[in-house]
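Asker:
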Amino acid sequence: MGNAGRNGGKYTTPLIRAMIYIVQSKISESIYDSATCSADFLCEAYNYLRQIVVTN
Numbered sequence: 001m002g003n004a005g006r007n008g009g010k011y012t013t014p015l016i017r018a019m020i021y022i023v024q025s026k027i028s029e030s031i032y033d034s035a036t037c038s039a040d041f042l043c044e045a046y047n048y049l050r051q052i053v054v055t056n
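Position one of the sequence shown corresponds to residue 1 (the UniProt record's numbering), numbered consecutively onward.
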C-alpha cells in the first residue's frame, strides 16, 4: 500500500471529495472540520456547496 493516497500523512483530495459527496451536506447545515490544520475538508465542502448553488 505504501504512500498511495497519502502525502506526508495528509489525505489527498479524491478521498476528501468522496467523503463530502457521501455526506451530501446542505447549504443550511453547519460543517465541522475537527482537523482544520490544512482546511482541505472545509475547502472541498465549500466547492461542493458552491457547485449545488450554481447549478440550481
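Built from N, CA and C at the ideal position, the CB exists for glycine as well.
Please classify Val53: is it buried, with 16 or more other beta-carbons within 10 angstroms of its beta-carbon, or exposed?
Answerer: Exposed.
Asker: Report whether the distance from the Cβ of Gln51 to the nearest heavy atom of the ligand PLP is below 7 Å.
Answerer: Among the components of this structure there are no ligands whatsoever, and the ligand PLP is therefore not found.
Asker: Of the choices Leu42, Ile27, Ile31, whose alpha-carbon is the least far from that of Asn56?
Answerer: Answer by Cα proximity: Ile27.
Asker: Nearest to Leu49 by CA position, among Ser38, Cys37, Ser34, Ser30, is which residue?
Answerer: Per the Cα distances, Ser30.
Asker: Can you tell which of Pro14, Ala45, Ala18 has its C-alpha closest to the C-alpha of Asp33?
Answerer: Minimum Cα distance to Asp33 is reached at Ala45.
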